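Scroll down for the structure; my scribbles are underneath it.
Number of protein chains: 2
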Amino acid sequence: MKGDKNLMYSIGEVSKLTGISTYTLRYYEKMGLLPNPYRMDGKQNGIRQYNDQDLRFIQFIYGLKQTGMKLKDIALFVEDGCLLTQNDQEIENIQDILHKRIELLNKHVNLLEQQLEQLGNVMTLANEKRSFYLEMLNEQTSKPVKHFK
Amino acid sequence: MKGDKNLMYSIGEVSKLTGISTYTLRYYEKMGLLPNPYRMDGKQNGIRQYNDQDLRFIQFIYGLKQTGMKLKDIALFVEDGCLLTQNDQEIENIQDILHKRIELLNKHVNLLEQQLEQLGNVMTLANEKRSFYLEMLNEQTSKPVKHFK
DNA sequence: CCTTGACTTAGAGTTTACTCTAACAAATAT
DNA sequence: ATATTTGTTAGAGTAAACTCTAAGTCAAGG
Numbered sequence: 013m014k015g016d017k018n019l020m021y022s023i024g025e026v027s028k029l030t031g032i033s034t035y036t037l038r039y040y041e042k043m044g045l046l047p048n049p050y051r052m053d054g055k056q057n058g059i060r061q062y063n064d065q066d067l068r069f070i071q072f073i074y075g076l077k078q079t080g081m082k083l084k085d086i087a088l089f090v091e092d093g094c095l096l097t098q099n100d101q102e103i104e105n106i107q108d109i110l111h112k113r114i115e116l117l118n119k120h121v122n123l124l125e126q127q128l129e130q131l132g133n134v135m136t137l138a139n140e141k142r143s144f145y146l147e148m149l150n151e152q153t154s155k156p157v158k159h160f161k
Numbered sequence: 013m014k015g016d017k018n019l020m021y022s023i024g025e026v027s028k029l030t031g032i033s034t035y036t037l038r039y040y041e042k043m044g045l046l047p048n049p050y051r052m053d054g055k056q057n058g059i060r061q062y063n064d065q066d067l068r069f070i071q072f073i074y075g076l077k078q079t080g081m082k083l084k085d086i087a088l089f090v091e092d093g094c095l096l097t098q099n100d101q102e103i104e105n106i107q108d109i110l111h112k113r114i115e116l117l118n119k120h121v122n123l124l125e126q127q128l129e130q131l132g133n134v135m136t137l138a139n140e141k142r143s144f145y146l147e148m149l150n151e152q153t154s155k156p157v158k159h160f161k
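In order, the protein sequences belong to chains A and B. The working numbering puts the first residue of the first sequence at 13, with every later residue one more than the last. The working numbering puts the first residue of the second sequence at 13, with every later residue one more than the last.
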């Protein structure tokens, strides 16, 4: 709880803080990427209220998405996470759930490592090509310009 | 020309060598990601023939795509490249084209650097979460299992 | 009181990037 | 000679991931 402001945020505020549109936030919720947030009671019954923990969770999930995890895989990950908080589940299942989550994370970390490698390769190639173009530019400018017109 | 086999490849061979489907290769060509390849003359007039240089180009382009460059941006990049081989262009334009290509590559390299950073963050978080789950698993297994059933 | 603005929902529409189908041609295999 | 394979085209279909619309609720400001 250290450093937490214990504030609640509307979907609009979360949208501004994360850069994810409200459409997309609701869509992610529907798709099972985000657990159902608390809703206000009384007259404003139904309005979503996010806390700091929710916000951090959304940012983590978005990080997974941004680095190429499929929405369906993220949903799987989140689904298992939700089961962990259901105390009425049989205790034996928790081990299976933990194994599944660990496996999913392992799979993603592997993917990230591959991406890292490919990214490096493309950067090298891009830099090489850039140097080539820069060289061409130099040649262009050092020689008197020929006009064909 | 060193190391080149100077072979020609059909679209099917290119597909097998690159792992890109023939549908996708033709689609990329239509979208302007790949310059029009040579076609056979005579009776087999119309059949695409790719050489080693084409193959390397396709692989570079695919690398850009795989690391998150939008097809439209790749098309822009390629479009400018094609102009370079049109000798009837006015010479002044070549400098502009080189500047544009360098700018596009700079933009992409920046994007890649950002991705690299985000990737690192997500990996750290994923590893942390994984450790947490592993710890939970250990606690689970060291204690006698409680049955609620 | 009434407008403005932020929220709610279900569901329709859009964009991107393929992915495939249909209909046909030409070369190779049986 | 016929069947199979591999190619050609235009254009239709699909899946994922948004993105928006329509119709409505609620509360604060002028």
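By construction, the Cβ of each residue, glycine as well, lies at the ideal position given by its N, Cα and C atoms. As the structure is a prediction and not an experimental result, all values here were calculated from the model.
- The secondary-structure analysis by DSSP pairs ARG60(B) across a beta bridge with ARG51(B).
- Between the region 19-38 of chain B and the region 118-133 of chain B there are fewer than three inter-stretch CB-CB distances shorter than 8 Å, so the stretches are not counted as touching.
- Here the region 133-152 of chain A does not lie against the region 28-42 of chain B, with fewer than 3 beta-carbon pairs under 8 Å apart.
- Rounded to whole angstroms, the Cβ separation of LEU123(B) and PHE89(B) is 13 Å, and the two are not in contact under 8 Å.
- Contacts between LEU117(B) and chain A, judged by CB atoms closer than 7 Å, involve ALA138, LYS141, ARG142 in chain order.
- In terms of CA proximity to ASN63(A), ILE23(A) leads the group GLN126(A), ILE23(A), HIS120(A), HIS111(A).
- With a threshold of 9 Å between beta carbons, ILE114(B) makes contact with chain A.
- Under DSSP, TYR21(B) forms a beta bridge with TYR62(B).
- In this structure, MET43(A) lies away from LEU76(A), with their beta-carbon atoms at least 9 Å apart.
- Apart from sequence neighbours up to five positions away, the residues of its chain that approach TYR40(B) with a beta-carbon distance below 6 Å are LEU46, ordered along the chain.
- In this structure, TYR50(A) lies near ARG60(A), with their beta-carbon atoms less than 9 Å apart.
- For LEU29(A) against LEU128(B), the beta-carbon gap comes to about 24 Å, at or over 8 Å, which does not count as contact.
- For ILE70(B), same chain residues with a beta-carbon under 7 Å away, outside a window of 5 residues either side, are VAL26, THR30, LEU46 in chain order.
- ARG113(B) and LYS112(A) have their C-alpha atoms some 45 Å from each other.
- Where LEU37(B) is concerned, the enclosing alpha helix (DSSP H) starts and stops at 34-42.
- Straight across, the Cα-Cα distance linking ILE86(A) with PHE72(A) is about 10 Å.
- Within the region 42-65 of chain B, no residue has a Cβ lying closer than 8 Å to any Cβ of chain A.
- When the Cα atoms are used, ASN118(B) and GLU140(B) turn out to be separated by approximately 33 Å.
- Assignment of GLY75(A) by DSSP, reduced to helix, strand and coil, places it in the helix class.
- Collapsing the DSSP output to three states places LYS82(B) in coil.
- Chain B places no beta carbon closer than 9 Å to that of LEU83(A), leaving this residue out of the contacts.
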